[in-house]
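Undergrad:
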Amino acid sequence: MPEKETESVICQDGVLAANASGGAKDMGEVESGHIQGERGREEEAIYSAFKPGTKIFILVMATFSSLFSPMSTTVYLPALTPISADLKVSTNLINLTLTTYMVFQALSPTFFGDFADTSGRRPAYITTFAVYLAANIGLALQNSYPALLVLRCLQSAGSSATIAITMGVMADIATVSERGRYVGMVLTGTLVGPAIGPVLGGVLVQYLGWRATFWFLAIGAGVFLVPYVLFVPETCRNVVGDGSVQPPWWWSRTLMDIWKGKKAQPSKVEWEASLADQGIKRRASSFPNPLQCAKLALEKDIGLILGVTAVLYGTFYIMLASVPSLFKEIYGFNEFQVGLCYLPSAAGGIASSFSIGHLLDWKFRRIATSLGLPVDRKRAQSLKEFPIERARISLMLPLLFAGMATMVGYGWALEQKAMLAGPLILQFVTGFCTGSAFTAMSTLLVDLYPFNPSAVTAASNLIRCLVGAGATASFNPLIERIGIGWCFTVWCLLTVGVSPGLWVVIRWGPAWRERRRRRQASSL
Numbered sequence: 013m014p015e016k017e018t019e020s021v022i023c024q025d026g027v028l029a030a031n032a033s034g035g036a037k038d039m040g041e042v043e044s045g046h047i048q049g050e051r052g053r054e055e056e057a058i059y060s061a062f063k064p065g066t067k068i069f070i071l072v073m074a075t076f077s078s079l080f081s082p083m084s085t086t087v088y089l090p091a092l093t094p095i096s097a098d099l100k101v102s103t104n105l106i107n108l109t110l111t112t113y114m115v116f117q118a119l120s121p122t123f124f125g126d127f128a129d130t131s132g133r134r135p136a137y138i139t140t141f142a143v144y145l146a147a148n149i150g151l152a153l154q155n156s157y158p159a160l161l162v163l164r165c166l167q168s169a170g171s172s173a174t175i176a177i178t179m180g181v182m183a184d185i186a187t188v189s190e191r192g193r194y195v196g197m198v199l200t201g202t203l204v205g206p207a208i209g210p211v212l213g214g215v216l217v218q219y220l221g222w223r224a225t226f227w228f229l230a231i232g233a234g235v236f237l238v239p240y241v242l243f244v245p246e247t248c249r250n251v252v253g254d255g256s257v258q259p260p261w262w263w264s265r266t267l268m269d270i271w272k273g274k275k276a277q278p279s280k281v282e283w284e285a286s287l288a289d290q291g292i293k294r295r296a297s298s299f300p301n302p303l304q305c306a307k308l309a310l311e312k313d314i315g316l317i318l319g320v321t322a323v324l325y326g327t328f329y330i331m332l333a334s335v336p337s338l339f340k341e342i343y344g345f346n347e348f349q350v351g352l353c354y355l356p357s358a359a360g361g362i363a364s365s366f367s368i369g370h371l372l373d374w375k376f377r378r379i380a381t382s383l384g385l386p387v388d389r390k391r392a393q394s395l396k397e398f399p400i401e402r403a404r405i406s407l408m409l410p411l412l413f414a415g416m417a418t419m420v421g422y423g424w425a426l427e428q429k430a431m432l433a434g435p436l437i438l439q440f441v442t443g444f445c446t447g448s449a450f451t452a453m454s455t456l457l458v459d460l461y462p463f464n465p466s467a468v469t470a471a472s473n474l475i476r477c478l479v480g481a482g483a484t485a486s487f488n489p490l491i492e493r494i495g496i497g498w499c500f501t502v503w504c505l506l507t508v509g510v511s512p513g514l515w516v517v518i519r520w521g522p523a524w525r526e527r528r529r530r531r532q533a534s535s536l
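Number 536 marks the last residue of the sequence shown (this note's numbering); no jumps.
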């Protein structure tokens with residue numbers, strides 16, 4: 013083998029790592045899918061063994077799962093007043109169920125994200141949806157405030173981790189050159205949920221009563237869980253590699269495969285040998301460690317990206333939080349009409365999820381071509397010499413600034429009590445721009461940690477939810493002190509003020525990424 017420094021392998025904190033130089037011998041090397049064979053020649057492994065139709069089915073189911081966490085938050089809002097009356101408790105106590113839901117929404121993914129990255133996506137999905145289904149049935153049947161409070165926490169714990177798991181599924185089967193459009197696809201559920209929740213909740217509460225909202229969510233969870241258990245294969249690369257390795261546990265195999273006797277269950281030794289053939293030294297399953305997510309946030313580039321994304325999320329959440337009170341006060345709308353006013357921002361978000369994904373992939377191909385690097389959607393590509401930070405952020409920054417400009421206009425339009433069409437159009441544009449920015453940042457986070465996608469997404473979720481809660485808490489006091497227009501202006505200026513952190517990531521991010529790669533490789 014020629015005397016040269018070999019690239020280090022960074023895979024899911026447990027994939028085979030080579031930090032050899034000079035006389036490294038017979039050591040497989042994998043970095044983002046590149047394999048260094050025993051004879052010293054580099055083979056490019058097919059990133060995913062799943063057929064295109066299977067990949068689409070997996071992603072559709074993953075997108076469906078991501079709908080439940082945000083929808084469970086907003087579908088509950090129209091039920092607050094009738095629940096308060098039926099349980100004979102104050103509005104403040106009912107509002108406490110919103111606060112506790114957000115706390116668990118922030119914390120739960122830090123447990124299940126690490127669990128999904130080590131034990132697999134199937135056990136994580138099945139566990140979380142079983143908890144979610146049981147919690148919704150309990151909420152539909154309960155008649156006391158303590159039960160409501162506890163079951164809302166369980167409902168949040170079951171649903172909020174699905175977004176982190178979904179991002180993990182996407183990273184399992186999508187190469188970096190096609191990751192943009194896949195991230196856009198799977199994030200559609202997170203954008204649709206907040207918009208359709210108030211509409212569905214208003215209809216259900218008005219015609220069937222508040223308990224119907226929980227029965228609706230329970231049925232929806234069952235509609236996802238049954239086909240998932242039957243048909244959706246495991247994708248976690250720590251368990252099945254590129255999808256061709258059969259795991260030794262029945263819960264990681266579909267019931268249809270078990271029933272038909274397909275894909276005989278291997279022994280643990282055979283399974284680990286199959287993973288080793290793909291250059292994977294499996295990271296052992298252990299009790300979920302939420303500190304894993306916290307450690308990711310301490311990385312310089314990750315911390316800056318999470319900080320900017322969190323402030324942007326908080327600003328966007330203020331716009332969503334403004335709809336019920338301001339549209340009811342300014343335009344005299346009822347609950348159902350207020351729910352309909354969420355649709356423009358959702359439509360903008362959905363439009364962004366499809367368009368920005370293709371633009372991100374186009375930008376990746378363009379930069380790769382300018383550097384003389386090949387682009388292969390079937391095989392993973394090393395990012396060691398590729399400026400992935402510039403490829404993602406350069407598209408995101410103009411959209412971030414445009415989104416903040418339109419959101420300032422939205423705030424002043426409400427301040428001046430403009431015609432309804434004005435705020436709704438500005439909502440759509442803001443939803444498009446901020447949705448595009450979220451997609452770009454989520455894609456970049458997975459690019460930087462492709463073997464811990466659920467954990468890094470959970471870290472992002474933790475910080476976003478905390479900032480979102482603070483932004484929501486500041487909304488009414490700011491409006492009372494400085495008015496609607498200045499409230500939105502202050503938060504938008506804050507977002508623009510932290511955005512230079514992304515320029516820092518473009519400038520120094522590649523060097524930080526390389527030092528992290530070497531540090532992680534030397535520790536294995």
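For glycine and all other residues, C-beta sits at the position ideal for the given N, C-alpha and C.
Less than 7 Å between the beta carbons of Phe-444 and Gly-360, yes or no?
TA: Yes. Within cutoff.
Undergrad: Got a sec? Which residues, its chain only, sit under 8 Å from Leu-308 by beta carbon, not counting five neighbours each side?
TA: Excluding sequence neighbours, Leu-308 sits near Ile-314, Tyr-461, Asn-464, Ala-467, Val-468 and Ala-471.
Undergrad: Counting pairs of Cβ atoms below 8 Å between the stretch 491-511 and the stretch 201-213, do you hit three or more?
TA: The answer is no - the stretch 201-213 does not touch the stretch 491-511, with fewer than three Cβ pairs under 8 Å.
Undergrad: Excluding sequence positions up to five away, which residues of its chain have a Cβ less than 7 Å from the Cβ of Arg-53?
TA: Any reading at Arg-53 needs caution, since the residue's pLDDT is 34, under 50, leaving its predicted position unreliable; the model's value is listed next. Result list for Arg-53: empty, nothing under 7 Å.
Undergrad: Assuming Ser-172 and Gln-218 make a contact with CB atoms under 8 Å, what is their CB distance in whole Å?
TA: Incorrect: roughly 27 Å between the Cβ atoms, too far for contact.
Undergrad: Check whether the Cβ atoms of Thr-455 and Arg-265 lie closer than 7 Å to each other.
TA: Cβ atoms of Thr-455 and Arg-265: not closer than 7 Å.
Undergrad: Quick one: what's got a C-beta closer than 6 Å to Lys-312's C-beta in the same chain, skipping five residues either side?
TA: The answer, listed in chain order, is Trp-524.
Undergrad: What first and last residue would you give for the alpha helix (DSSP H) that runs through Arg-493?
TA: Per DSSP, Arg-493 belongs to the alpha helix (DSSP H) from 465-494.
Undergrad: Does the stretch 60-73 come into contact with the stretch 85-99, if we say contact requires no fewer than three beta-carbon pairs (one atom in each stretch) closer than 8 Å?
TA: Contact between the stretch 60-73 and the stretch 85-99 is absent, because fewer than three Cβ pairs lie under 8 Å.
Undergrad: Could you tell me how far apart the beta carbons of Ala-363 and Val-198 are, in whole angstroms, since I believe they sit closer than 8 Å?
TA: With 8 Å as the limit, Ala-363 and Val-198 do not qualify as a contact, their Cβ atoms being about 16 Å apart.
Undergrad: What is the residue span of the alpha helix (DSSP H) that Val-101 lies within?
TA: Note, Val-101: premise wrong, no alpha helix (DSSP H); not H, not E.
Undergrad: Under the three-state reduction of DSSP, which class applies to Gly-132: helix, strand or coil?
TA: Residue state, collapsed to three classes: coil.
Undergrad: Report buried or exposed for Ser-44, applying the criterion of at least 16 other Cβ atoms within 10 angstroms of its Cβ.
TA: With a pLDDT of only 38 at Ser-44, under 50, the local geometry of the prediction cannot be trusted, and no value is derived from it.
Undergrad: Find out if the Cβ-Cβ distance for the pair Gly-170, Met-83 is shorter than 7 Å.
TA: Contact: no.
Undergrad: From which residue to which residue does the alpha helix (DSSP H) around Gly-512 run?
TA: It is Pro, not Gly, that sits at residue 512 in the sequence shown. Start and end: 512-534.
Undergrad: Does the beta-carbon of Thr-109 have 16 or more other beta-carbons within 10 angstroms, so that it is buried, or is it exposed?
TA: Counting Cβ neighbours within 10 Å, Thr-109 comes out buried, since at least 16 surround it.
Undergrad: In the structure shown, what three-state DSSP assignment does Tyr-329 receive?
TA: Note: Tyr-329 maps to helix in three-state DSSP.
Undergrad: Considering Lys-340, what are the terminal residues of the alpha helix (DSSP H) in which it resides?
TA: Unbroken alpha helix (DSSP H) run through Lys-340: 340-343.
Undergrad: Measure the C-alpha to C-alpha separation of Ser-382 and Glu-401 and round it to an integer number of angstroms.
TA: The alpha-carbon atoms of Ser-382 and Glu-401 are separated by roughly 16 Å.
Undergrad: Just how far apart, CA to CA, sit Gln-349 and Val-320?
TA: Roughly 33 Å between the two C-alpha positions.
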